[in-house]
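First residue of the sequence shown? That's 54 in the numbering used here, and the numbers climb one at a time after it.
Glycine residues also receive a C-beta, built at the ideal position from the N, C-alpha and C atoms.
Nothing here was measured: the structure is a model prediction, and the numbers come from that model.
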Amino acid sequence: MYLKTLKALALVATAFAAATPAGAQPAPKLKVGLMLPATGTFAALGTAIENGFRLYIDEHGGKLSGREIEFVKVDDESDPAKATDNVNKLIKRDNVDVLVGTVHSGVAMAMAKVAKDTGTLLIVPNAGADAVTGAMCAPNIFRSSFSNWQPGYAMGEVMAKKHYKNVVTITWKYAAGDESVRGFKEAFEKSGGKVVKELSLPFPNVEFQALLTEIAAAKPDAVYTFFAGGGAVKFVKDYAAAGLKKTIPLYGAGFLTDGTLDAQGADAEGLQTTLHYADGLGTPRDNAFRLAYAKTYKLQPDVYAVQGYDAAQMLAVGLAAVKGDIAKKAEFEAALGKATIDSPRGKFTISRSHNPVQDIYLRQVSGKENKLIGVASKSLADPGRGCRM
Ligand code: PHB
54 MYLKTLKALA LVATAFAAAT PAGAQPAPKL KVGLMLPATG TFAALGTAIE
104 NGFRLYIDEH GGKLSGREIE FVKVDDESDP AKATDNVNKL IKRDNVDVLV
154 GTVHSGVAMA MAKVAKDTGT LLIVPNAGAD AVTGAMCAPN IFRSSFSNWQ
204 PGYAMGEVMA KKHYKNVVTI TWKYAAGDES VRGFKEAFEK SGGKVVKELS
254 LPFPNVEFQA LLTEIAAAKP DAVYTFFAGG GAVKFVKDYA AAGLKKTIPL
304 YGAGFLTDGT LDAQGADAEG LQTTLHYADG LGTPRDNAFR LAYAKTYKLQ
354 PDVYAVQGYD AAQMLAVGLA AVKGDIAKKA EFEAALGKAT IDSPRGKFTI
404 SRSHNPVQDI YLRQVSGKEN KLIGVASKSL ADPGRGCRM
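Written out as structure tokens, the structure reads:
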């Protein structure tokens, strides 16, 4: 009799606890390992990504699917030589549940290798390294940004339509620069254009003078370039100072003028670039995002802020599908793979190799804005070459 009563009481207590959130154990915090550059030529990009990511989390009361978000941060210095150690620290020492990073393609490839080997969920909020969603693709690796191929390919089509014939390219000699130029060349030469010279210098050098002299001597119809962050600021200024802006039109992947216009001033005026974001999209989704970002950070958002925000949205989608239980990897990944992300840039889907399928815009610098001109390439999907999963 006594035992029976105890059992009944226990049953009631259990039912009560289940029905009463106050009686339930709070879900453990979800540890997000943020691996971004806080120093060097890409430092501002890292800050914008983190701002965007935090904005989404804050808009949801600091929690996703009931789990409070805790951050562990590493400054990766955009240094590939330190990347494997840095990512191993986050996984083994800090036991993060998910990795978010980074800006630099070389560092991101090291992250992708460790993520693939350990099965840790990785969301890449910038680095375009084609291999991350190509030969290195994996069920647990996703990108909220772009592949280096995408803006380059779109600009190849744009410049072919403008009837340029001979183009010189100039970039940093590393995965992002090489792949951006390769994407450009693929589309441009398919339409009958010719890349007559490919110039480069090691990342993150900014001694452009000798190369600008070569451009002046080659007299191409136009120049295509990939630079970003602090290097992009200096390149645009040096290009104008060398007198080239008036004689040889400069085009680029949109990183050339994104988050950089305050520092570039009049030297950037009129430049046309291709990117998956633009100022003046004017959609309710983008307007709301821009207002919230400006209010929170007293800054205008850029493409990096959008990619950070969308990395958090992607995490939210996966977590919602598993009710916060990130250990349910297969379900998390399947839900995210099928998702449509309601990004400030416009809605995008995730390709089979886990890269955004998205519109690439043509923009033109006007004052402090990369003003939307139109869509250069609709729903452009990276080919995901070499991805098998
Ligand atoms: C890259 O290394 O992939 C990279 C870096 C900065 C950008 C874009 C791509 O703005």
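1) Check the DSSP bridge columns for residue 86 and list the partner residues they point to.
2) If you run the structure through DSSP and keep just helix, strand and coil, what is residue 439?
3) Considering residue 146, what are the terminal residues of the beta strand (DSSP E) in which it resides?
4) Look up residue 310 in the DSSP assignment and say whether it is helix, strand or coil.
5) Hey, is the segment 299 to 315 in contact with the segment 409 to 426, meaning 3+ C-beta pairs nearer than 8 Å?
6) Rounded to the nearest angstrom, what separates residue 222 and residue 367 at their Cα positions?
7) At the level of alpha carbons, what is the spacing between residue 225 and residue 256?
8) According to the Cβ coordinates, are residue 246 and residue 213 closer than 8 Å?
9) In chain order, which continuous runs of the beta strand (DSSP E) of length 3 or greater are located wholly inside the segment 265 to 320?
10) Inspect the CB distances between the segment 199 to 218 and the segment 375 to 385 and report whether three or more fall short of 8 Å.
11) For residue 228 versus residue 182, is the C-beta spacing smaller than 8 Å?
12) Output the boundary residues of the beta strand (DSSP E) element that contains residue 417.
13) Residue 200: buried (16+ other C-beta within 10 angstroms of its C-beta) or exposed?
14) Quick check on DSSP: helix, strand or coil for residue 385?
15) Among 307, 338 and 341, which has the Cα closest to the Cα of residue 329?
16) When burial is assigned at 16 or more other CB atoms within 10 Å of the CB, is residue 65 buried or exposed?
17) On the DSSP letters alone, give me the boundaries of the beta strand (DSSP E) that residue 401 sits inside.
18) Just to confirm my understanding: we take residue 118, look at its own chain, exclude 5 residues before and 5 after, and list those with CB closer than 7 Å. What are they?
19) Using the Cα positions of residue 425 and residue 414, report the straight-line distance between them to the nearest angstrom.
20) Which residues share a DSSP beta bridge with residue 193?
21) By how many angstroms is the C-alpha of residue 262 removed from the C-alpha of residue 177?
22) By Cβ distance, which residues of its chain are closer than 6 Å to residue 91, with the 5 residues on each side in sequence left out?
23) By Cβ distance, which residues of its chain are closer than 6 Å to residue 439, with the 5 residues on each side in sequence left out?
24) So, residue 108 versus residue 153, is the Cβ gap smaller than 8 Å?
25) If residue 250 and residue 271 are in contact, beta carbons under 8 Å, what's the gap, nearest whole angstrom?
26) Measure the Cβ-Cβ separation of residue 310 and residue 327 and say whether it is below 8 Å.
27) Mind checking who residue 423 pairs with in its DSSP beta bridge?
This is what the structure gives:
1) DSSP, once it has assigned bridges, lists 125 and 152 as partnering residue 86.
2) The DSSP-derived three-state label of residue 439 is coil.
3) Run containing residue 146: none; DSSP gives neither H nor E here.
4) For residue 310, the secondary structure class from DSSP, reduced to helix, strand or coil, is coil.
5) They touch, by the three-pair rule.
6) Those two C-alpha atoms are separated by around 34 Å.
7) Using only the alpha carbons, I get a separation of about 5 Å.
8) It is a contact, given that the beta carbons lie within the stated cut-off.
9) Listed in chain order, they are 275 to 279 and 303 to 306.
10) Look at the beta carbons and you see the segment 199 to 218 not touching the segment 375 to 385: under three pairs across the two are nearer than 8 Å.
11) In this structure, the beta-carbon distance from residue 228 to residue 182 falls below 8 Å.
12) 409 to 419 is the extent of the beta strand (DSSP E) around residue 417.
13) Result: buried.
14) Residue 385 falls in the helix class under three-state DSSP.
15) Ranked by Cα distance from residue 329, the first of 307, 338 and 341 is 307.
16) Confidence at residue 65 is low in this model, with a pLDDT of 35, below 50, so its placement is unreliable and no value can be given for it.
17) First-last of the beta strand (DSSP E) with residue 401: 399 to 403.
18) Cβ neighbours of residue 118 beyond the five flanking positions: 372, 373, 376 and 377.
19) Approximately 7 Å, taken between the alpha carbons.
20) Its beta-bridge partners do not exist; DSSP assigns none.
21) Distance between the alpha carbons of residue 177 and residue 262 is about 33 Å.
22) Residues 99 and 128 of the same chain have their beta carbon placed closer than 6 Å to that of residue 91, with the five preceding and five following residues left out of the count.
23) The answer, listed in chain order, is 187 and 188.
24) Taking 8 Å as the Cβ cut-off, residue 108 and residue 153 do not qualify as a contacting pair.
25) That belief holds up - the Cβ atoms of residue 250 and residue 271 are roughly 6 Å apart, short of 8 Å.
26) No; because the gap between Cβ atoms is not below 8 Å, this pair is not in contact.
27) According to DSSP, residue 423 bridges with 418.
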